[in-house]
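Just so we're on the same page, our numbering is the position in the sequence shown counted from 1, plus 17. Glycine included, C-beta positions come from ideal geometry on N, C-alpha and C. Remember, it's a predicted structure, so these values are computed and weren't measured experimentally. Down below is the structure, laid out as structure tokens.
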Amino acid sequence: AAAPHQPISLAGAEQHEAPSPSDGKLRASPLARRAAEEAGIDLGQVRGTGPEGRITKRDIDNFLREQQLFKFRRLIAPREGLPGTREELSKMRKTIAHRMAQSKREIPHFYVTVEVDMEEAVKLKNSLEATELFEEDITYNDIIIKATALGLSRYTRMNASFEDDGVVIYPNINIGMAVAVEDGLIVPVIHQCEQKTLPEISRAAHRLVAKAAHGGFSGDDLSGATFTISNMGMLGVEHFAAVIVPPQAAILAVSAVKDKPVVRNGQVVVGKTMMLTVACDHRIIDGVVGARFLNEVKRFLENPASLLV
């Protein structure tokens, strides 16, 4: 696993000044104060949307998400280099180069793509945010991780490795999330997803995001992944395919939720759709298994109430 990275300063990010109540006191809910303390956030930088400028837990989540998005945009900006010069790769970049070359050299990849109707998933996400039913806001990524875990529990060869002319099927579903950092990528891991509810997956993901902001990953946070999800939806990417992370057998590429014309009940309406592409190791996974797995994930996303059970 890659070594924990150094935190990136967010000093250049846009800061929001919280509106000042008439008595000059900073108001925040107990949940918001606890979340801010855990994430190392100065409440004075957060705009409160509650009564009289009161800071809510959702305000903290939104602030943290804005900071992460700023950081992500900064990290993925291409480095400027002088023509005709040679730049030494960092230790992390060398590790990534070696593993990706190994993957394409040794693993016979094949790809399966489906289009997912995300209308109901969008409604579920918005409804959960409006009702504040859970402590953490549920994100699209949380919903996709839960649906993927359910799919992997039914198609276990997707959660496996090729080893010594055999197949090792893992007892647990540990899903890694590819995250951009200054020198490349790291893959923080949510362990035992098969045992976690959607809110528990969301809490685990939020904790990893907070750690990413401060460089506080432990060894366990970055090891033990049995399946990886690469989500480029926040960049507006409509479709892409990812490279399998050895020794895993598959990786899921998640694209953006887009508005597009769809047919419902014989009528052409504007729908919300998303492309999913899974890359599979053809040594242990056949096309029909990859297709059935991906359609199972699609079924859960199109019927997201089942993810709350």
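Taking Cβ to Cβ, would you say Thr294 is nearer than 8 Å to Ala258? yes
Where Lys213 falls: helix, strand or coil (DSSP): Secondary structure of Lys213 (DSSP, three-state): coil.
Can you give the Cα-Cα distance for Gly288 and Gln119, rounded to whole angstroms? Cα-Cα distance, rounded: 40 Å.
In this structure, does DSSP put Ala221 in helix, strand or coil? helix
Is the region 292-310 touching the region 123-132, taking contact as three or more C-beta pairs under 8 Å? yes
Ends of the beta strand (DSSP E) at Leu202? 201-203
Assigned secondary structure, Tyr157 (DSSP; H/G/I helix, E/B strand, else coil): Under the three-state reduction of DSSP output, Tyr157 falls in the helix class.
Which runs of the beta strand (DSSP E) spanning at least 3 residues fall entirely within the region 113-177, listed in chain order? 126-134
Could you compute how far the alpha carbon of Gly168 sits from the alpha carbon of Ser240? 22 Å
Look at Ile58 and Leu43 and say whether their C-beta atoms are less than 8 Å apart. no
Please report how far the alpha carbon of Leu27 lies from the alpha carbon of Val305, in whole angstroms. Annotation note: pLDDT 29 at Leu27 (below 50); position unreliable, no value reported.
Which residues share a DSSP beta bridge with Phe179? Val184
Beta-carbon contacts of Lys142 that lie in its chain and below 8 Å, excluding the five residues immediately before and after: Hits under 8 Å: Ile155, Thr156, Tyr157, Ile160.
Alpha carbons only, please: which of Glu136, Met194, Gly101, Pro47 is nearest the one belonging to Phe317? Glu136
Stretch pair the region 100-115 + the region 240-254: three plus CB contacts closer than 8 Å: no
If you follow the beta strand (DSSP E) that Pro278 is in, where does it begin and where does it stop? 275-281
Option nearest Thr173 by Cα separation, candidates Asn320, Glu313, Leu325: Glu313
Straight-line CA distance for Leu92 to Gly283? Low per-residue confidence applies at Leu92: pLDDT is 48, beneath 50, and the placement is therefore not dependable enough to give any value.
Closest residue to Val274 among His256, Arg171, Ile268, Glu69 (Cα-Cα distance): His256
Using C-beta distances below 6 Å, list every residue in its chain close to Arg71, excluding the 5 sequence neighbours before and after it, in chain order. Arg44, Gly65
Reducing DSSP to helix, strand and coil, say where Leu92 ends up. Residue confidence is low: Leu92 scores 48 on pLDDT, short of 50, so the model does not pin down where it sits. Its coordinate-derived value is still stated next. Here Leu92 sits in helix by DSSP.
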